[in-house]
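Worksheet: one structure, shown below.
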Amino acid sequence: MMRIGLAFVALAALVGLSACAGSKPDTPPLKVLLIPADGGTESGTLADYRPLFAAVGKSAGLDFDLKVAQSYGAVVEAMCNGTADIAFVGPVTYLQAKQRGCAELLAVAVKHGQSVYYAGLFARKDAPIHTIGDLRGRDVAFGDVNSTSSFVFPMVMLLDAGVDPVKDLRAIRLTGSHANSLAALLERRVDAAALSFDSYEKAVREGVPGATEVAVVARSEPIPYPPLIMASRLSPALKDKLRKALEAVAKAPGIKPEMIRGYGGAQVDGYNAHFPAERFDGAAAKMALLSDALKGEILKKSSER
């Protein structure tokens, strides 16, 4: 009888362990990597996108693990080496990953009925800087070298205005993010800064000291909104599920409008999972204007003190 009782207890324990194992999720969370648009802080970019992915997870039964990368290039590497499944990126970062064949568009936010944003060159209101030409002989801050709106478009804006960033600027400071560039401007470490209007408007919205004392020197042409992308290696079924979940999330039961956010943490109308990839061709053309040789010269100048 003792042996039978022990056998029963052992069997019950095995059944219990099996039940616990079966209660775990069948698949691990999808890994989401975000470009460090706000300096890579937990309270910045990560906080901007947690509500959205919480909403998608709630409405579609998906789990996500969000992290912020240390650089824009790190996001491309993660998408291509299989350590990230989904990413929030700038147009240039998306194009870099797409060219390597490891990523494709997932969805693009719609804000006020449009899917565009703008890059800008900013200066303090008390500075005698009113046009791009006034930047000659000045110190200018830019973000990450792979950033669309804090590097690529502003650099092309300089070139289009006849200002050679290598020869005409006194110094180039690469700060790594929009927020860092704005901080350099507000702290008078530079005379002007390149960043997106979304990042600037977020600083104003959050009451960053001195942000309202900044003037716009130049505004870019419309740029396709920073997209969400997904790894090409994901199964067709999962890709379809992600697209449908993002496109429907704004109208899903139990989802509050303030959960549907985009770049800079701003509330958006929703997400378009059928945004035409060819809309990014203009960004690709701007990217091509910055040759490897020119970028090399810019990086060399940025290292000078």
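Numbering (our numbering), first residue to last: 37 to 341. For glycine and all other residues, C-beta sits at the position ideal for the given N, C-alpha and C.
Residue i burial status per 10 Å Cβ neighbour count (16 or more: buried)
| i | result |
| --- | --- |
| Val252 | exposed |
| Ala321 | exposed |
| Asn216 | buried |
| Leu141 | buried |
| Val144 | buried |
| Ser339 | exposed |
| Asp328 | exposed |
| Ala324 | exposed |
| Asp162 | exposed |
| Arg209 | buried |
| Arg297 | buried |
| His214 | buried |
| Asn182 | buried |
| Ser186 | buried |
| Ala273 | exposed |
| Gly179 | buried |
| Pro289 | exposed |
Sheet register partners of residue i (DSSP bridge)
| i | result |
| --- | --- |
| Leu141 | Ile265 |
| Phe158 | Ala229, Val252 |
| Ala207 | Asp175 |
| Ile122 | Val68, Met266 |
| Tyr153 | Ile259 |
| Arg297 | Gln303 |
| Asn182 | The partner list for Asn182 (beta bridge, DSSP) is empty, contrary to what the question assumes. |
| Asn308 | Val144 |
Residue i in three-state terms, based on DSSP
| i | result |
| --- | --- |
| Asp200 | coil |
| Asp101 | strand |
| Ser339 | coil |
| Gly109 | helix |
| Asn216 | helix |
| Lys147 | strand |
| Ile291 | coil |
| Glu283 | helix |
| Leu88 | helix |
| Leu330 | helix |
| Ala235 | According to the sequence provided, residue 235 is Ser. The question's Ala does not apply to it. Three-state DSSP puts Ser235 in a helix. |
| Arg224 | coil |
| Ser271 | coil |
| Gly243 | coil |
| Arg315 | helix |
| Ile168 | helix |
| Thr361 | Coverage of the chain is limited to positions 37 through 341, which leaves residue 361 absent and any answer about it impossible. |
| Ala73 | coil |
| Ala163 | coil |
Integer-rounded CB distance, given that residue j should sit under 8 Å from residue i
| i | j | result |
| --- | --- | --- |
| Lys147 | Ala302 | 7 Å |
| Leu221 | Ala228 | 7 Å |
| Asp101 | Lys134 | With a Cβ gap of about 23 Å, Asp101 and Lys134 do not count as contacting. |
| Ala319 | Leu70 | About 19 Å separates the two Cβ atoms, so there is no contact after all. |
| Tyr261 | Tyr153 | 5 Å |
| Ser107 | Pro64 | With a Cβ gap of about 25 Å, Ser107 and Pro64 do not count as contacting. |
| Leu194 | Ile168 | 6 Å |
| Val92 | Ala281 | 5 Å |
| Asp175 | Ala197 | Wrong, their Cβ atoms sit about 18 Å apart, outside the cutoff. |
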